[in-house]
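Following: one structure in structure tokens, then a few remarks.
Numbering (the numbering used here), first residue to last: 14 to 339.
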């Protein structure tokens, strides 16, 4: 009797295991649910931002994106153009400085650094990513701007002041200061991911290049960089995502001024900094809805950039696979 019961239980357990493929189906189900939750979260954020910016969208329409009027106190008029331009300019400066420095450091750590230096230096780079934004902001305000940014801005103004980008007067807090500080904050993200990309490339690629007579530098820029292009693009896009959304550090060093001049040496605003500065001061619904609409624009911009980036990465990876097959 007990033997038959045990046999029935064993056969039932075997049927359950076979039905769920020894846990594979359950694992796939959990992964599917997790992916759906991420999608629902993104859709929910977008929906809430859209709903809570209704007054602003109805009042200003598309003009909100192309006007620079921001006068909540007297005229209750709002325009997001200075904040959009400030976000794009500071992010561009950050990437312009961080991409060559980050990828160069990643190449050094992955391919050139001696063993005794590779791990400590890699740890220090990763440690930079863990520093809180407010610490970056305080350091930027009291050390980085006086010691590096202001002298650099004065040099650019004296030598290239005839260009609209570098016309004076020279301020400490400025778009240039925010962009260069963002470069430092973006640098560890680009470096760490790029280093992992280079480490993931099979050694057979290196050995094949060296066997054909390539120097180490030729092997790096003719083989490793093209092979890892899709991963490097991913690293850059993650860095751009941080640059677009960074708030506290940028608020502390950008100067927070509604200035639409082309000069990088003047104070400005970003979308994140205007929200951080004025959200608690939004005393009426239209003002609050205008700030939320700026958040909606930032959300849409980030989402669009990530979609474009995924398409670029997919296209590059497909081209790389085709070249490898050939």
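Glycine included, C-beta positions come from ideal geometry on N, C-alpha and C. Every value quoted in this text rests on a predicted model; they were computed, and no experiment measured them.
A direct Cα-to-Cα measurement between residue 211 and residue 222 gives close to 15 Å. A Cβ-Cβ contact shorter than 7 Å links residue 89 with residue 299. Excluding five sequence positions before and after residue 308, the CB atoms of its chain that fall closer than 7 Å to its own CB belong to 62, 288, given in chain order. The residue among 331, 328, 316, 322 with its C-alpha nearest the C-alpha of residue 56 is 316. Contact check between the stretch 132-139 and the stretch 158-167: fewer than three CB pairs, one atom from each, fall below 8 Å, which does not count as touching.
Boundaries for residue 87: no alpha helix (DSSP H) harbours it, and the DSSP string shows neither H nor E there.
Counting only residues of its own chain and dropping the five nearest sequence neighbours on each side, residue 213 has a CB closer than 8 Å to the CB of 241, 244. Counting C-beta pairs with one atom in each stretch, the stretch 92-100 and the stretch 254-274 have three or more that are closer than 8 Å, which means they touch.
Boundaries of the alpha helix (DSSP H) harbouring residue 210: 188-213, taken from the DSSP string. Beta bridge pairing from DSSP links residue 281 with 268. Shown here for residue 59: same chain residues with a beta carbon closer than 7 Å to its own, the five before and five after excluded, namely 312 in chain order.
Distance from residue 106 to residue 196 at the Cβ level is roughly 7 Å; contact confirmed, criterion being Cβ atoms closer than 8 Å. In the structure shown, the three-state DSSP call for residue 230 is helix. Burial check for residue 305: the Cβ neighbour count within 10 Å reaches 16 or more, so the residue is buried.
In the three-state DSSP reduction, residue 145 falls in the coil class, being neither helix nor strand.
Around the beta carbon of residue 229, fewer than 16 other beta carbons sit within 10 angstroms, so the residue counts as exposed. Where residue 55 is concerned, the enclosing alpha helix (DSSP H) starts and stops at 37-64.
When 203, 301, 238 are compared, the shortest CA-CA separation from residue 67 is found for 301. Secondary structure of residue 306 (DSSP, three-state): helix. Within 10 angstroms of the beta-carbon of residue 266 lie 16 or more other beta-carbons, which makes it buried. The distance from the Cβ of residue 69 to that of residue 303 is about 4 Å, consistent with a contact at the 8 Å cut-off.
For residue 118, the enclosing alpha helix (DSSP H) begins and ends at 94-120. Within the same chain, 232, 236, 237 come within 8 Å of residue 219 by CB-CB distance, once the 5 residues on both sides are set aside. Residue 204 sits close to residue 115, with the two beta carbons spaced by under 7 Å.
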